[in-house]
Amino acid sequence: MSPTGGTPSGNPSGSAAVPSPSAASCVSGRAEVTFSPGDAVVQRLCLRPGAVVSLVLRPRTDDRRWTAVLSSAPAFVLASGWRVDADGTARASLRCAGTRGGTAQITARAKAPDVAGAARVAFTLHVDVLPYPTQG
Numbered sequence: 003m004s005p006t007g008g009t010p011s012g013n014p015s016g017s018a019a020v021p022s023p024s025a026a027s028c029v030s031g032r033a034e035v036t037f038s039p040g041d042a043v044v045q046r047l048c049l050r051p052g053a054v055v056s057l058v059l060r061p062r063t064d065d066r067r068w069t070a071v072l073s074s075a076p077a078f079v080l081a082s083g084w085r086v087d088a089d090g091t092a093r094a095s096l097r098c099a100g101t102r103g104g105t106a107q108i109t110a111r112a113k114a115p116d117v118a119g120a121a122r123v124a125f126t127l128h129v130d131v132l133p134y135p136t137q138g
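The numbering of the sequence shown is the working numbering, which starts it at 3 and goes up by one.
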C-alpha cells in the first residue's frame with residue numbers, strides 16, 4: 003500500500019490467511035487510499051491510532067453508483083464526511099481511535115439508481131488499528 007496514493011495491497015479473497023499486521027507496515031498520520039474499478043474488492047490496511055485516511059472510490063464502470071460507507075466498529079474507525087462528486091467519485095474520511103487498537107470493516111455500498119432494493123457491498127477494507135508500543 004502506498005500511504006500517499008494508490009491502493010492498499012491485500013488478499014483479494016479476504017480469507018483468514020491474511021497475515022497479521024506488523025508495526026513496520028502500519029500507516030500513521032494522514033494517508034489516502036484509492037479504490038478503482040478492477041482493484042481487489044476486499045483489501046486490508048494497518049493504521050496507527052490517530053491516523054486519518056482519505057478514502058477515494060473512483061466512479062464505477064457498471065450501472066451502479068456509490069451510496070454509502072459504513073464502519074463495523076466506529077469506536078475504532080469512524081467513517082465521516084461522505085460525499086459523491088458530480089463525476090461519480092465518492093469520498094469519505096476514516097479516523098482511527100486516539101489510543102486504542104482494534105479492528106473494523108469499512109464497507110462501501112453501491113446500487114443502480116433506478117432499481118428498487120437495498121444497496122450491496124461493493125468494496126470492503128479490513129482495518130487493523132495497531133497501538134503504539136508502551137515503554138516501561
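All C-beta atoms in this analysis are idealised placements derived from N, C-alpha and C, irrespective of residue type, glycine included.
As assigned by DSSP and simplified to three states, the class of residue i
{"i": "R67", "result": "strand"}
{"i": "H128", "result": "strand"}
{"i": "S30", "result": "coil"}
{"i": "A88", "result": "coil"}
{"i": "S38", "result": "coil"}
{"i": "T136", "result": "coil"}
Rounded separation between residue i and residue j - CA only
{"i": "R122", "j": "G52", "result": "29 Å"}
{"i": "A120", "j": "T136", "result": "44 Å"}
{"i": "V29", "j": "V35", "result": "11 Å"}
For residue i, the residue or residues it bridges with in DSSP
{"i": "V44", "result": "T126"}
{"i": "A94", "result": "L57"}
{"i": "V79", "result": "C98"}
Heavy atom of the ligand SAH within 7 Å of residue i beta-carbon
{"i": "G90", "result": "Only the bare structure without any ligand can be found here, which leaves the ligand SAH out of the picture."}
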